[in-house]
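According to the working numbering, the sequence shown holds residues 63 to 491 in order.
All remarks here apply to the structure that follows.
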Amino acid sequence: MDDSRARAGAPENQAWQRAGSPSPRRRRGALEGSLPLGTWWGIPISAAWSVLIIFGLVAGQLGMVALPIWHPEWSAATTWMVALGAAVLFFVSILLHEMSHSVVARARGMKVEGITLFVFGGVSRIEGEAPSPKTEFLVAIVGPLMSLLIAVAGLVGASLLGANELANVSEENLGEALASLSPGATMLLWLGTMNLVLAMFNMVPGFPLDGGRVLRSLLWWMTGSLDKATRWASRVGQGVGFLLIAWGVGVLLQGALLGGMWRILIGWFLNNAAKASYRQMRVSQALHDVSVARLMQREPPTIAPDATVGDLVQLALRVEQRAIPVVEDHELRGLITLEQVQRLPEGQWDTTPVRQLMTPAAQLPNVPEEMPAQEAMQLLSEAEQLPVLKGHELVGILRRRDVLQWLSLHLPGMAPPPAPGTSPPSSRI
Ligand SMILES: [Zn+2]
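Given below as structure tokens:
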């Protein structure tokens, strides 16, 4: 099933999807450059290639550093089996954490685009903002609760396999006690501890971490204003990011290169994410009630499919437009850009018809004029401009720069507007 949106019971949205075959660059539910891992419970899962880096780090740290210290007597095969098994289970835990966000969001009526695993863990891409503080609270809190549940399961499992004796040994005998653990108990103990850390880290009140979203839902509930709540939660998030960076610098100065860099990187990421989340909310709020028809360019210059490329160049220069819709009998046949023209030797301009170079309409994304600009913005992350149709008739063209200009006029002080597509609709970690 590649169309989660239609399944969510919103068939009217189908008209807004690309005409013709789906783009080869972007499958629904998968971000560009990520590896699709199938659809689970109706939620498309994918992994960014950067996951391999963190997988290698986790498995490598266990296989080369931690396990050889705890269990010097283990064979290399046992050590690596436990290291790889633990790393896989760690990613399964992260996936379960994200699944819990997505499943609750869907149960509360929100549209879930999919889950992507990446270098800092995972993100659930959930469209739009939660409709109420209660939904926001439930969707946010369930993730850390899931991690806590896995932590408890791992630690209980480990203690059933003999790790319970660890609680009774003194610190100097801890190494010896750890060495006595079986591979299974070691793996579960590690997994449980990691999930405990994951649950605690996610509850840090830095928006857009889960804890920050919980904080925002409470502020929203208390103030009745999503905007105020997001602004405050975002400031706390930026503050937490700065604290992490400062901590990382402190650790770095003490000589721990990797530990310091890692904290700085996460702090920087959090700080940026907090800022971006607030901006994104303002942008989607501003575009929510505006239709494509209001922002589009009406009656754009067009060209006939049989006109020559030479004619097109003259027209493009006169109207200062880099992309010209190709129209015949009022119907959109395609779109031709100056970039496409540049690939043709100049000597052939006057003998080549536009039809031969254009991108045919069937391969073009397009939007109806009544579509909210917020939705069109997502398509504009992939295309510089979108033909606006009424039936098959071309009524206008929506250019990315027009939307950005409108935003900079309506959101003063927020400039520059975000480059569309650099951040998913609404990500939660
Ligand atoms: Zn989460």
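C-beta: ideal position from N, C-alpha, C; glycine also.
Values in this document were obtained by computation on a predicted structure and should not be read as measured data.
Apart from the five residues on each side of it in sequence, which residues of its chain come closer than 6 Å, Cβ to Cβ, to residue i?
{"i": "G274", "result": "P267, G268, A295 and G299"}
{"i": "A369", "result": "V416"}
{"i": "E160", "result": "I177, G184 and S186"}
{"i": "L473", "result": "R344 and A348"}
{"i": "G219", "result": "L250"}
{"i": "A445", "result": "P427"}
{"i": "L217", "result": "G254"}
Taking Cβ to Cβ, would you say residue i is nearer than 8 Å to residue j?
{"i": "M343", "j": "T413", "result": "no"}
{"i": "R395", "j": "V389", "result": "yes"}
{"i": "E393", "j": "E455", "result": "yes"}
{"i": "L288", "j": "E191", "result": "yes"}
{"i": "W309", "j": "R297", "result": "no"}
{"i": "F44", "j": "S242", "result": "In this structure the chain extends from 63 to 491, so residue 44 is not present and cannot be described."}
{"i": "V375", "j": "W411", "result": "yes"}
{"i": "I365", "j": "L379", "result": "no"}
{"i": "A57", "j": "A121", "result": "The shown model of the chain, from 63 to 491, leaves out residue 57, and the question about it has no answer."}
{"i": "L441", "j": "P427", "result": "yes"}
{"i": "L406", "j": "R384", "result": "no"}
{"i": "S164", "j": "V174", "result": "yes"}
{"i": "W283", "j": "P195", "result": "yes"}
Tell me which same chain residues have a C-beta within less than 8 Å of the C-beta of residue i, skipping the five on either side of it?
{"i": "E432", "result": "S353, V354 and A355"}
{"i": "S155", "result": "S209, I212, L253, M256, N257 and L260"}
{"i": "M420", "result": "P367, V388, R395, G396, L397, I398 and Q402"}
{"i": "L223", "result": "L243, S244, G246, A247 and L250"}
{"i": "G301", "result": "G268"}
{"i": "N264", "result": "H159, G205, P206, S209, L271, D272, G273 and I491"}
{"i": "V311", "result": "G322 and I326"}
{"i": "A149", "result": "F117, V120, A121 and L124"}
{"i": "L471", "result": "none"}
{"i": "L129", "result": "W136, T141, V144, A145 and T248"}
Looking only at its chain, what residues have a beta carbon closer than 7 Å to the beta carbon of residue i, apart from the 5 residues adjacent to it on each side?
{"i": "V4", "result": "For residue 4 there is no data in the structure shown, the boundaries of the chain being 63 and 491."}
{"i": "H350", "result": "P434 and Q436"}
{"i": "L357", "result": "A435, L460, D464, V465 and W468"}
{"i": "Q447", "result": "A385, I459, L460, R461 and R462"}
{"i": "L306", "result": "R325, I328, G329 and L332"}
{"i": "F152", "result": "V120, L253 and M256"}
{"i": "V166", "result": "L200, V201 and V204"}
{"i": "G100", "result": "I107"}
What do you reckon, is the C-beta of residue i under 7 Å from a heavy atom of ligand 2?
{"i": "G205", "result": "The model on display carries ligand 1 but not ligand 2."}
Between which two residues does the alpha helix (DSSP H) containing residue i stretch?
{"i": "I115", "result": "V113 to G122"}
{"i": "F180", "result": "Taken as a continuous stretch (DSSP letters only), F180 belongs to no alpha helix (DSSP H), being part of the beta strand (DSSP E) at V174 to F180."}
{"i": "R341", "result": "L319 to H350"}
{"i": "P130", "result": "L129 to W132"}
{"i": "A355", "result": "V354 to L357"}
{"i": "D368", "result": "That residue, D368, is in no alpha helix (DSSP H); it is neither H nor E in DSSP."}
{"i": "L316", "result": "Checking the sequence shown, residue 316 turns out to be Gln, not Leu. Neither: Q316 is in no alpha helix (DSSP H) and is coded neither H nor E."}
{"i": "S162", "result": "A138 to A169"}
{"i": "A438", "result": "A435 to L441"}
State the start and end residues of the unbroken beta strand (DSSP E) segment that holds residue i.
{"i": "P206", "result": "Run containing P206: none in the beta strand (DSSP E); it sits in the alpha helix (DSSP H), P195 to L222."}
{"i": "L243", "result": "Here L243 belongs to no beta strand (DSSP E), and DSSP marks it neither H nor E."}
{"i": "A192", "result": "Segment: none, A192 is in no beta strand (DSSP E) and carries neither H nor E."}
{"i": "S96", "result": "S96 to W102"}
{"i": "A109", "result": "I105 to A110"}
{"i": "A385", "result": "A385 to E390"}
{"i": "R461", "result": "E455 to R461"}
{"i": "Q447", "result": "Q447 to K452"}
Exposed or buried, which one is residue i when buried takes at least 16 other CB atoms within 10 Å?
{"i": "G453", "result": "exposed"}
{"i": "R87", "result": "At R87 the pLDDT is 34, less than 50, meaning the model places this residue with poor confidence; the figure from the coordinates comes in the next sentence. That one is exposed."}
{"i": "I188", "result": "buried"}
{"i": "T141", "result": "buried"}
{"i": "M126", "result": "exposed"}
{"i": "V450", "result": "buried"}
{"i": "R360", "result": "exposed"}
{"i": "G458", "result": "buried"}
{"i": "P134", "result": "exposed"}
{"i": "S279", "result": "buried"}
{"i": "W132", "result": "buried"}
{"i": "S137", "result": "exposed"}
{"i": "L281", "result": "buried"}
{"i": "V381", "result": "exposed"}
{"i": "A336", "result": "buried"}
{"i": "G171", "result": "exposed"}
So that I know if they touch, is there some Cβ in chain D lying closer than 8 Å to that of residue i?
{"i": "V389", "result": "Absent here is chain D; the protein component of the structure consists of one chain."}
Hey, which unbroken runs of the alpha helix (DSSP H) at 4 residues or more fall wholly within the stretch 392-422? Counting only runs of 4 or more, we get 400-404 and 416-419.
Give, in chain order, every unbroken run of the alpha helix (DSSP H) that is at least 4 residues long and sits entirely within the stretch 250-310. Every unbroken stretch of the alpha helix (DSSP H) spanning 4 or more residues and falling wholly within the stretch 250-310 is given here in chain order: 272-285.
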